[in-house]
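*Asks:* Right, I'll just put the structure down here and ask away after.
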Amino acid sequence: MKVIIVPTDFSENAFNALQCAIQYFTEEETQFIILHTYDFPMQDKQQDYEDKLDHLLERVEYLTYNHHHRFETRAIAGNFITQLNDQVDILNADLIVMGTQGKTADRKRSLGSNTLQVIKNVSCPVLAIPLELEYKSPDSILFPSGLQVPFKDRELDLISNLALQHRSSLHLLHIAQFDKLSQRQIEVKEFWESRFRESVTKYTRHDLGDGTTVINNFINKNDIDLLVLVNSKHSFLESFLKTTTIDALGLHLKIPFLILQNLAR
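Mind the numbering: the sequence shown is residues 24 to 288 in this note's numbering, read in order.
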């Protein structure tokens, strides 16, 4: 059974992320943990938060027909990142799904501070759902990669199951420094292809250049529905996470994007 944590601040943006999570995994046996964290001085609000979570569950009942979907709510006092990391460990969570913006959405920014902190500091894949996105099946999935870092089995299993369920095609975009692949790159590429052998896959090589431009152009030309990035040492993603906001990356996040974590925390 998949275990997916969906943080909520009770905003419509957070509820939209929950709806998308249910639709992404509509046919899988999945336990959804709807999590709200709050500061210690607000402990007297515990019952209020639990009531809000109960109301949220009532709305969720109309979103799924899968009897193998289970929903649980948790209201926990403490630091958001600390508590989220604890829940990931306790539940052995497969995925976190959250909106790119919360209640205090700044439309000038692609990604809110909470989502950015989760990507940076929580040891779990993160699926970020853009503001007010209407769900669309992930028919076409993009993996940009330098083919330097091996992928993790469990994370590729997550995407493989998703791709099979939605009959997705998968694009491996290699932004290459050299014309010829090294032995390590060949092995990483072959491993990736073997994990998605039951799906339609396509390998594309692109000369080394501005990663932002290359990825944006590929997304637009190939009608990509889901972007997958790996957070690893010396990766394209790591470099922009060192900046103050994701907007420095320049990606126009109109599609969901999935961050795979390949960094020790």
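Idealized CB from N, CA, C, for every residue including glycine.
Rank L179, D230 and Q284 by C-alpha distance to the C-alpha of L204 and give the top, closest one.
*Replies:* Among L179, D230 and Q284, the Cα nearest to that of L204 belongs to D230.
*Asks:* Is Q206 helix, strand or coil when you go by DSSP?
*Replies:* It is helical.
*Asks:* Hey, quick one: how far does the beta strand (DSSP E) through I247 stretch, first residue to last?
*Replies:* Where I247 is concerned, there is no enclosing beta strand (DSSP E), given that its DSSP letter is neither H nor E.
*Asks:* Would you check if there are 3 or more beta carbon pairs closer than 8 Å linking the stretch 72-84 to the stretch 158-170?
*Replies:* Short answer: they don't touch.
*Asks:* Please tell me whether A98 and C147 are closer than 8 Å, where the distance is taken between their beta carbons.
*Replies:* Contact flag unset, no.
*Asks:* Find the nearest neighbour of L170 within the set K143, I198, V145 and T235, judged by alpha-carbon distance.
*Replies:* It is I198 whose Cα lies nearest to the Cα of L170.
*Asks:* Let's see if you can read the secondary structure: which residues bound the alpha helix (DSSP H) around Y47?
*Replies:* Here the alpha helix (DSSP H) through Y47 covers E35 to Y47.
*Asks:* Quick check: what's the CA-CA separation for E155 versus I278?
*Replies:* Spanning the two alpha carbons is a distance of roughly 11 Å.
*Asks:* Thinking C-alpha only, which one of S163, I152 and W215 is nearest P173?
*Replies:* Among S163, I152 and W215, the Cα nearest to that of P173 belongs to W215.
*Asks:* Quick one, which of L114, E178, S163 and Q188 has its alpha-carbon nearest E50's?
*Replies:* For the residues L114, E178, S163 and Q188, the minimum Cα distance to E50 belongs to Q188.
*Asks:* Whole-angstrom Cβ separation of L165 and I56, contact assumed at under 8 Å?
*Replies:* No, L165 and I56 are not in contact; Cβ-Cβ is about 28 Å, not under 8 Å.
*Asks:* Sorry if obvious, but does the Cβ on K25 come closer than 7 Å to a heavy atom of the ligand FMN?
*Replies:* By its list of ligands, the structure shown contains no ligand whatsoever, and the ligand FMN lies outside what it can speak to.
*Asks:* Can you tell me which of E221, S34, V83 and F33 puts its alpha carbon nearest to the alpha carbon of Q54?
*Replies:* The residue with the shortest Cα to Cα distance from Q54 is V83.
*Asks:* Using three-state DSSP, classify S160 as helix, strand or coil.
*Replies:* In this structure, S160 counts as coil in the three-state DSSP scheme.
*Asks:* If I'm right that I182 touches C43 with Cβ under 8 Å, what's the distance once you round it to whole angstroms?
*Replies:* No, I182 and C43 are not in contact; Cβ-Cβ is about 16 Å, not under 8 Å.
*Asks:* From R288 to V145, what distance separates their C-alpha atoms?
*Replies:* Caution is warranted here: a pLDDT of 43 is assigned to R288, below 50, making its placement in the model unreliable, and the coordinate value is therefore given only provisionally. Those two C-alpha atoms are separated by around 8 Å.
*Asks:* Counting only the same chain and skipping the five closest in sequence on each side, list residues whose C-beta sits under 7 Å from that of D246.
*Replies:* So the list reads S163, once near-sequence residues are dropped.
*Asks:* Does N254 come out as helix, strand or coil in the three-state DSSP assignment?
*Replies:* Correct three-state label for N254: strand.
*Asks:* List the residues that DSSP assigns as beta-bridge partners of L150.
*Replies:* According to DSSP, which records beta bridges pairwise, L150 is partnered with V120 and L281.
*Asks:* Between the C-alpha atoms of E73 and L193, what's the straight-line distance to the nearest angstrom?
*Replies:* When rounded, the distance between both Cα atoms is 40 Å.
*Asks:* Taking the beta carbon of S217 as the centre, do at least 16 other beta carbons fall within 10 Å, making it buried, or is it exposed?
*Replies:* By the neighbour-count rule (16 or more Cβ atoms within 10 Å), S217 is not buried but exposed.
*Asks:* Going by C-alpha to C-alpha distance, which of A100, E35 and N39 sits closest to H59?
*Replies:* Ranking A100, E35 and N39 by Cα distance to H59 puts A100 first.
*Asks:* CB P167 to CB L252, shorter than 8 Å?
*Replies:* Yes; because the gap between Cβ atoms is below 8 Å, this pair is in contact.
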